[in-house]
Amino acid sequence: MVVGEGFPQSPMMKLGVLMHPAGQHVAAWRHSSGYPDAAFSMDYYRQIATIAEAARFDFLFVADMMGIRDGSMNVIVRSAQLTLGAEPLTLMAALSAMTQNIGFIVTQSTTYSQPYSVARQMASLDLLSGGRAAWNVVTSTQMNEAANFGLTQTIDHSVRYERAKEFVEVVKALWDTAGVGVFIGDKPSGILFDSEKLRPLHHKGPFYTVDGILNVPPSAQGRPVLVQAGASGPGRDLAASIAEIIFAQTPTIEAAQEYYADVKMRVRDKGRDPCKVLMMPGFTPVIGCNRAEAEAQLAELDAMITPEIAVPMLSDMMGMDLSAYDIDGPLPELEETNKSHSLGQVIKSYAERNNLNIRQTAAWSASSMSHNRVIGTPKEIADRMQYWFENQACDGFLISPLIYPGGLKQFADEVVPILQERKLFRQEYEGNTLRENLGLAGS
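FYI, in UniProt numbering the residues of the sequence shown are 1 to 443.
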């Protein structure tokens with residue numbers, strides 16, 4: 001069933017890789033095939049990039065924040081995710097030199113950065129990678145991030161989004177200050193750059209004042225692709241205003257269809273083309289030659305989730321302390337906080353829909369991070385992806401297996417060929433830039 005108004009889609013889905021250290025499962029690093037040092041292992045990330053590019057994935061993405069995640073030390077010392085690791089811009093720059101076609105999505109904060117710096121860094125990665133860069137726009141919600149930058153509290157939820165919108169407008173304007181064709185390199189005349197293509201920006205807004213020209217020329221794709229993951233009302237509005245790829249945590253098809261229809265309509269209402277905005281929810285495949293084998297893989301990892309991490313990790317995700325509540329009782333009502341409001345609501349809705357108590361919800365969230373998780377054979381995985389894609393729940397998927405790199409290799413070897421046979425995914429890259437491969441060239 002399609003929720004709301006139907007929107008035209010590309011005949012083929014897009015696929016990206018969410019490169020969590022070790023894997024999507026919180027205990028992935030403890031598995032016999034896991035990488036405990038994944039977050040700071042160049043060889044680990046190189047393997048993922050090689051597998052993904054050989055399978056013709058669109059891009060690689062690393063989630064990031066400006067510091068160690070908020071929460072208890074019990075969680076921090078037991079989790080590979082959002083604790084210690086490499087800064088993503090540096091990581092992606094290194095990977096770009098090892099690859100030819102796959103794109104790179106880098107997270108940059110609009111709260112703890114300046115527009116000129118982000119514009120320069122992202123344009124440089126885009127230029128030197130041959131037009132394969134994208135910027136994941138985040139507003140930063142963690143108290144530890146605020147403290148790292150001298151603040152005693154996080155910035156108000158609504159103000160963060162207002163600042164972010166202006167921040168992105170300034171960055172886009174800076175990318176236009178050195179126009180396409182600015183480089184001449186004419187030896188006889190002695191002219192290196194076209195002065196008419198150098199147009200200084202004069203911006204004065206509520207949050208930012210910027211005067212000048214960005215000292216990086218455009219890449220082969222013009223400018224980096226913009227990515228966002230808005231889930232709340234203001235977040236969806238921001239995504240609809242600026243994003244060309246939108247990530248989502250939608251563990252059910254009903255949630256995905258509602259999100260897809262709502263955000264696509266917001267995009268259209270803002271005068272943008274919904275076909276040029278790609279919705280890509282997180283997707284965790286658990287693959288076996290039969291369902292029992294796949295379930296055994298998950299059970300093996302679930303058995304490695306220690307009591308010290310499951311409920312505290314759920315507390316962190318919910319933005320509230322659950323230790324005082326009955327672990328075998330239902331989740332309490334959400335508290336109003338200045339953090340991101342949306343993830344807690346996703347988790348609570350899923351728990352209520354599936355009649356899960358706190359203990360069960362903690363186990364589910366620790367193994368899936370609240371993404372859509374599908375357990376089954378390669379054909380069953382492909383069937384589920386096709387159903388979501390053909391019923392306007394998504395334009396593609398952000399793939400994140402339980403364990404890397406083995407889980408990604410299995411998906412690439414066993415699921416991707418089925419999608420290709422059904423003409424749901426490419427056999428070869430369509431172009432040389434990220435925009436060309438995403439079908440966003442000219443936008």
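Note that the Cβ used here is the ideal one computed from N, Cα and C, for glycine as well.
Would you please state the rounded distance, in angstroms, between the beta carbons of residue i and residue j? I believe it to be under 8 angstroms.
i	j	result
K197	G222	No, K197 and G222 are not in contact; Cβ-Cβ is about 13 angstroms, not under 8 angstroms.
L298	S367	7 angstroms
P405	I184	Incorrect: roughly 45 angstroms between the Cβ atoms, too far for contact.
Go to residue i, then tell me how far its beta strand (DSSP E) extends in each direction, as first and last residue.
i	result
residue 469	Residue coverage of the chain in this structure runs from 1 to 443, which leaves residue 469 outside it and unanswerable.
V17	14–18
G396	396–399
A248	245–248
I184	183–186
L60	59–61
Which residue's Cα is closest to the Cα of residue i: the options?
i	options	result
N144	G212, G179, S72, L89	S72
L434	L60, L334, G6, F40	L60
L15	N432, F411, A441, E421	F411
residue 446	L238, I305, P218	Because the chain here runs from 1 to 443, residue 446 falls outside it and cannot be looked at.
V118	E169, A86, P274, I68	E169
A351	M318, E335, D383	M318
L440	P285, P251, L226, L398	L226
D383	T361, R353, G407, P417	P417
M12	M385, K409, E244, R160	M385
V415	I76, E430, A22, T284	T284
D269	R236, I191, G212, F389	R236
M279	G271, Q427, A292, M265	M265
By the DSSP assignment, the alpha helix (DSSP H) with residue i in it spans what residues?
i	result
K379	378–390
T50	42–54
F167	157–175
I418	416–421
I191	Looking at the DSSP string, I191 is not in any alpha helix (DSSP H); the run it does join, the beta strand (DSSP E), is 191–193.
L343	342–353
L434	434–438
Would the stretch 376–385 count as touching the stretch 254–264 if we require 3 or more Cβ pairs under 8 angstroms? no
Taking 8 angstroms as the threshold, find out whether the stretch 129–136 comes into contact with the stretch 97–110 through three or more Cβ pairs. yes
Ordered list of beta strand (DSSP E) runs contained in the stretch 66–152, each at least 3 residues: 103–109, 133–138
My parser needs the beta strand (DSSP E) runs of 3 or more residues fully inside the stretch 250–306; what are they? 278–287
May I ask you to verify whether the stretch 138–155 touches the stretch 188–203, counting CB pairs closer than 8 angstroms and requiring at least 3? no
Enumerate, from N- to C-terminal direction, the unbroken alpha helix (DSSP H) stretches of 4 or more residues contained entirely within the stretch 310–340. none
Enumerate, from N- to C-terminal direction, the unbroken alpha helix (DSSP H) stretches of 4 or more residues contained entirely within the stretch 206–233. none
Could you tell me whether the stretch 415–423 touches the stretch 300–317, where touching means 3 or more Cβ pairs closer than 8 angstroms? no
So does the stretch 70–90 actually touch the stretch 39–56, counting three or more Cβ pairs closer than 8 angstroms? yes
Any chance the stretch 354–361 sits against the stretch 8–23, with 3 or more Cβ pairs inside 8 angstroms? no
Would the stretch 244–253 count as touching the stretch 209–219 if we require 3 or more Cβ pairs under 8 angstroms? no
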